[in-house]
Amino acid sequence: MYKTGVLNSEISKVLSDLGHTDKIIIADCGLPVPQHVHKIDLALTLGQPSFLDVFNIVSEHMKIERMTVATEIENDNNQLFEDLKATNLTIESVSHEELKMLSHDVKAIIRTGEGTPYANVILTSGVIF
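Residues 770 to 898 (the working numbering) make up the sequence shown, in order.
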């Protein structure tokens, strides 16, 4: 058994398999998941686990080159946007509709129980060297 790290075997496997520029999404409970994209569903109840709980754990174990969020998050979920900005990672913005289109090209979508608007982020993998 793992002594440290991500205990969820599906998340651990996805993170281990990522190469440079591969992408995953951490999503709220409402983001549609394309049929061909691997969904890791962590949602238990509305709000549990939260987007930030999952984001913070994943970001501890993933080299993130940049994040992509919906432009709508800045006005409609400003606290979460400020929390993401505080990571000092590069943030790109696209429309929510474009983010949903980009979701077709990710390795996995990790679905949280988050129930606030636009709580979705595409994480692009960096390299550790």
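Heads up, the beta-carbon is just placed ideally off N, CA and C, and yes, glycines get one too.
Asked: For L892: DSSP bridge partner residues; Found: I793 and M836
Asked: Local conformation of E861 per DSSP, three classes; Found: strand
Asked: Option in L784, E883 and K832 with minimal Cα separation from L849; Found: E883
Asked: DSSP state of I879 mapped onto helix, strand, coil; Found: strand
Asked: K792 to A877 span [Cα, whole Å]; Found: 8 Å
Asked: Inter-residue CB distance, I842 and Y887 (contact presumed, cutoff 8 Å); Found: 4 Å
Asked: F824 vs V890 beta-carbon contact at 8 Å; Found: yes
Asked: Given 8 Å, three or more beta-carbon pairs between the segment 793-808 and the segment 863-872; Found: yes
Asked: F820 burial status per 10 Å Cβ neighbour count (16 or more: buried); Found: buried
Asked: Residues that DSSP places opposite Q817 in a beta bridge; Found: T814
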